[in-house]
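Engineer:
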Amino acid sequence: PGAGGPAMAGAGQGWGPAGLSVTLALAWSAAVALAAEEPAEPCGADGWAQDAVPPGAAFVAAASYRGPGNNDTRSNKELPILLWWSGSLFPHFPGDTERIDCPRGSCLVTRSRRVARHRRTKALIFYGTDFRAYEAPLPRLPHQTWALFHEESPMNNYVLSHSPGIRLFNYTATFRRESDYPLTLQWLPGTAYLRAPAVPLAEKDAWRRKGYGPVLYMQSHCDVPSDRDRYVRELMKYIQVDSYGKCLHNRELPSERLRDTSTATTEDSEFMTFIARYKFHLALENAICDDYMTEKLWRPMHLGAVPVYRGSPAVRDWMPNNLSIILIDDFDSPQELAKYLDFLDKNGEEYLKYLEYKNAGGIKNQFLLESLEKREWGVNDMTLPNYLNGFECFICDKENTRVKEEQEHKKSHGKIPAPRPHIAQFKHMGCPMPTPGFGSVEDLSGGDSWKEMWLQDYWQSLDQGEALTAMIHHNESHQGRFWDYMHEIFLKRTRQH
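Going left to right, the sequence shown walks through residues -35 to -1, 1 to 462 as mature numbering (1 follows the signal peptide of the UniProt record, and there is no 0) numbers them.
1. Can you tell me which of 244, 420, 460 puts its alpha carbon nearest to the alpha carbon of residue 167?
2. Using a threshold of 8 Å, state whether the C-beta atoms of residue 463 and residue 262 are closer than that.
3. Measuring only the C-alpha atoms, how far is residue 447 from residue 94?
4. Using the DSSP secondary-structure output, state which residues sit across from residue 97 in a beta bridge.
5. Mind checking whether residue 150 and residue 337 have CB atoms under 8 Å apart?
6. Answer yes or no: do residue 406 and residue 416 have a C-beta to C-beta separation smaller than 8 Å?
7. Taking the alpha-carbon of residue 250 as reference, which of 290, 266, 233, 189 has the nearest alpha-carbon?
8. Quick check on the DSSP output: the beta strand (DSSP E) that includes residue 272 runs from which residue to which?
9. Can at least three beta-carbon pairs, one atom from the region 46 to 62 and one from the region 73 to 88, be found at a separation below 8 Å?
10. Classify residue 347 as buried or exposed, calling it buried when 16 or more other Cβ atoms lie within 10 Å of its own Cβ.
11. Going by DSSP, what residue range makes up the beta strand (DSSP E) through residue 329?
12. Give every residue of the same chain whose Cβ lies closer than 7 Å to the Cβ of residue 185, excluding the five residues on either side of it in the sequence, and list them in chain order.
13. Quick check: the region 302 to 310 against the region 121 to 135, are there 3 or more CB pairs under 8 Å?
14. From the DSSP output, in three-state form, read off residue 248 for me.
15. Helix, strand or coil for residue 67, going by three-state DSSP, please let me know.
16. My output table needs one value for residue 361: the three-state DSSP class, helix, strand or coil.
17. Check the DSSP bridge columns for residue 206 and list the partner residues they point to.
18. Going by the beta-carbon positions, is the gap between residue 164 and residue 242 smaller than 8 Å?
19. Taking residue 200 and residue 265 to be in contact with their CB atoms under 8 Å, please state how far apart those CB atoms are, rounded to whole angstroms.
20. Hey, how far is the Cα of residue 177 from the Cα of residue 320?
21. Leaving out five residues on either side along the sequence, give the residues of the same chain with a beta carbon under 6 Å from the beta carbon of residue 26.
22. Any idea which residues DSSP pairs residue 86 with across the strands?
23. Which two residues bound the contiguous alpha helix (DSSP H) that contains residue 424?
24. Measuring only the C-alpha atoms, how far is residue 196 from residue 368?
25. Out of curiosity, what's the CA-to-CA distance linking residue 157 and residue 286?
26. I'd like to check one pair, residue 135 with residue 387: are the Cβ atoms closer than 8 Å?
27. Do residue 90 and residue 357 have their C-beta atoms within less than 8 Å of each other?
28. Among the residues of its own chain, which have a CB less than 8 Å from the CB of residue 169, if the five just before and after it don't count?
29. Candidates 204, 132, 427: which alpha carbon is nearest residue 181's?
30. Give a yes or no on contact between the region 364 to 384 and the region 311 to 327, applying the rule of three or more CB pairs nearer than 8 Å.
31. Among all the DSSP beta bridges, which residues are the ones paired with residue 115?
32. Whose CA, out of 437, 58, 192, 455, lies closest to the CA of residue 470?
33. Apart from the five residues just before and just after residue 329, which ones in its own chain have a Cβ nearer than 6 Å to its Cβ?
34. Less than 8 Å between the C-beta atoms of residue 131 and residue 394, yes or no?
35. Whole angstroms are fine: how far does the CA of residue 138 sit from the CA of residue 408?
36. With a threshold of 16 other CB atoms inside 10 Å of the CB of residue 50, please say whether the residue is buried or exposed.
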């Protein structure tokens, strides 16, 4: 699978990482010749649908604009094409096609699948949440790269957390810092967001005297892979937790307006003022994975509450200083955590140490500061592209570089090596198997709904990635055969056991 998949059935031997790399190298080398020799018409026997606009005319009228520092004089008919495969995501409005002018060159971007098999379509961009192995475009063409954009939870598509799934792609934009275009700090606009003033401690203590708990829990998405409700349910035995969402609900928000779900999921000022009075926010992500950090972490810090966090095991790498969050996994049990929260609740001086990052010079983490400074996209920043447009320009520049290298290879009659394919690695996503929020898998009953749902989903996703990988390797063109491959994998695993 790489720019592009295998050029022919049986290319390469074996389908582990070594066999995959060999196949990719053969495929991309074939793509060099294809780009040089293929006539300007669709690939494949089926060609364009009869009612489709011919390739040469389809993009002549695309809107064009110039970005700073781009001197690309090619017409739209000469540009590489990037196809956003997921119909629900196309970061341009209105229309289906746009010219983008990026730092190293220009491209046409489109969501029109009519161009999927055209030789100028150099990359397909997939949205991870919408990617389904059994719906992938087949056969995979040797002159095309596959790019993955996935900023959302691992739970949305566990196919991407296994090597066979993530290695289907050449370039990635995920929440992992190791991805080609990292989106790790997507929920953090900047340091000013962290420095926003906190509710004074005296007001928080007055809130407590009115009968409110020290700890807030606000979740309406229950039964998730992190199994957070199981942990919170146990914690509630030892400390007062006010739970306003649908999960473990035990308290009503004070107004009908605040009880509206849409209010609770935005930064509505009335809602934010209400939850800012709590000393601690339970901030448990819906799935566990390195660098997967959402508003559940950053919003409490913005408000001046202390996050009691479980999510990214590497979260400390990104914190403003060494004492700004409380990690659930630092405690042997929910009871031990409750004792510590109770201690901080009763000792204001110790509690305020967790908010010192809001003071002048309080953000001491140079890695965080440098990461914010270096990122090529912005959050609500009109001086920078958003991460969707930024990623498509990243892919555009990669494809223009590849086209140039292919041309140089051809002109040199092989003296200049053909470009080597870039393949995504496990660490570009690589999320672990879900585990119970409290206790062990062995402690769960046979009919436990979490166990039946998420463990099965995780491991079946591995099979789906392997099935699609095998289909590409064998140059399959019919998606309907996917379940045949899945059945073969099932039988193989059965024989092994």
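Quick reminder that beta carbons are idealized off the backbone N, C-alpha and C, glycines included.
Structural biologist: Working from what's here:
1. Your numbering for residue 167 matches position 202 in the sequence shown. The option with the nearest alpha carbon to residue 167 is 244.
2. What the structure shows of the chain is the stretch from -35 to 462, and residue 463 is not part of that stretch, so it cannot be assessed.
3. Counting from 1 along the sequence shown, the entry for residue 447 is found at position 482. Counting from 1 along the sequence shown, the entry for residue 94 is found at position 129. Straight-line Cα distance between these residues: approximately 19 Å.
4. In the sequence shown, counting from the first residue as 1, residue 97 sits at position 132. Answer is none; residue 97 lacks a bridge partner.
5. Start at 1 with the first residue of the sequence shown, and residue 150 comes out as number 185. Start at 1 with the first residue of the sequence shown, and residue 337 comes out as number 372. It is a contact, given that the beta carbons lie within the stated cut-off.
6. Position 441 of the sequence shown, counted from the first residue, corresponds to residue 406. Position 451 of the sequence shown, counted from the first residue, corresponds to residue 416. Cβ distance < 8 Å, so residue 406 and residue 416 count as in contact.
7. Within the sequence shown, numbered from 1, the residue matching residue 250 stands at position 285. That would be 189, whose Cα lies nearest to the Cα of residue 250.
8. Indexing the sequence shown from 1 puts residue 272 at position 307. Per DSSP, residue 272 belongs to the beta strand (DSSP E) from 271 to 275.
9. yes
10. As a working note, residue 347 is residue 382 in the sequence shown. Classification for residue 347: exposed.
11. Taking the sequence shown and counting its residues from 1, the one referred to as residue 329 is at position 364. Note, residue 329: premise wrong, no beta strand (DSSP E); not H, not E.
12. For the purposes of this step, residue 185 is taken as the residue at position 220 of the sequence shown. Only 210, 211, 212, 226 meet the Cβ criterion.
13. With a cut-off of 8 Å on Cβ pairs, the region 302 to 310 is not in contact with the region 121 to 135, counting fewer than three such pairs.
14. Translated into the one-based positions of the sequence shown, residue 248 becomes position 283. Strand at residue 248.
15. Residue numbering aside, residue 67 sits at position 102 when the sequence shown is read from its first letter. In the structure shown, residue 67 sits in a strand (DSSP, three-state: E or B).
16. Your numbering for residue 361 matches position 396 in the sequence shown. Three-state result, residue 361: helix.
17. Indexing the sequence shown from 1 puts residue 206 at position 241. Its beta-bridge partners are 180.
18. Within the sequence shown, residue 164 is the residue found at index 199, counting from 1. Within the sequence shown, residue 242 is the residue found at index 277, counting from 1. Taking 8 Å as the Cβ cut-off, residue 164 and residue 242 qualify as a contacting pair.
19. Within the sequence shown, numbered from 1, the residue matching residue 200 stands at position 235. Within the sequence shown, numbered from 1, the residue matching residue 265 stands at position 300. Rounded, the Cβ-Cβ distance is 16 Å, inconsistent with contact.
20. To locate residue 177, count along the sequence shown from 1; it is residue 212. To locate residue 320, count along the sequence shown from 1; it is residue 355. Roughly 21 Å separates the two Cα atoms.
21. Here residue 26 refers to the residue found at position 61 of the sequence shown. A caution first: residue 26 carries a pLDDT of 46, below 50, which makes its placement in the model unreliable, though a value can still be read off. Answer for residue 26: no residue qualifies.
22. Within the sequence shown, residue 86 is the residue found at index 121, counting from 1. According to DSSP, residue 86 bridges with 46.
23. Looking up residue 424 in the sequence shown gives position 459. Per DSSP, the unbroken alpha helix (DSSP H) holding residue 424 starts and ends at 421 to 438.
24. What you label residue 196 is simply residue 231 of the sequence shown in a count that begins at 1. What you label residue 368 is simply residue 403 of the sequence shown in a count that begins at 1. Per the coordinates, the alpha-carbon of residue 196 lies some 52 Å from the alpha-carbon of residue 368.
25. Position 192 of the sequence shown holds residue 157. Position 321 of the sequence shown holds residue 286. If you take the alpha carbons of residue 157 and residue 286, they lie about 15 Å apart.
26. Stepping through the sequence shown from its first residue, residue 387 is reached at position 422. Stepping through the sequence shown from its first residue, residue 135 is reached at position 170. Yes, the Cβ-Cβ distance between residue 387 and residue 135 is below 8 Å.
27. In the sequence shown, counting from the first residue as 1, residue 90 sits at position 125. In the sequence shown, counting from the first residue as 1, residue 357 sits at position 392. A contact, by the Cβ cut-off of 8 Å.
28. Here residue 169 refers to the residue found at position 204 when the sequence shown is read from its first residue. For residue 169, where only same-chain residues beyond five positions count, the Cβ hits under 8 Å are 242, 243, 244.
29. In the sequence shown, residue 181 corresponds to position 216, counting from 1. Ranking 204, 132, 427 by Cα distance to residue 181 puts 204 first.
30. no
31. What you label residue 115 is simply residue 150 of the sequence shown in a count that begins at 1. Note: residue 115 sits in a beta bridge opposite 139.
32. Here the chain comprises residues numbered -35 to 462, so residue 470 is not present and cannot be evaluated.
33. The sequence position of residue 329 within the sequence shown is 364, counting from 1. Cβ neighbours of residue 329 beyond the five flanking positions: 286.
34. Numbered from its first residue, the sequence shown carries residue 131 at position 166. Numbered from its first residue, the sequence shown carries residue 394 at position 429. Yes.
35. Mapped onto the sequence shown, residue 408 falls at position 443. Mapped onto the sequence shown, residue 138 falls at position 173. Taking the straight line from one Cα to the other gives about 37 Å.
36. For the purposes of this step, residue 50 is taken as residue 85 along the sequence shown, with counting starting at 1. By the neighbour-count rule (16 or more Cβ atoms within 10 Å), residue 50 is buried.
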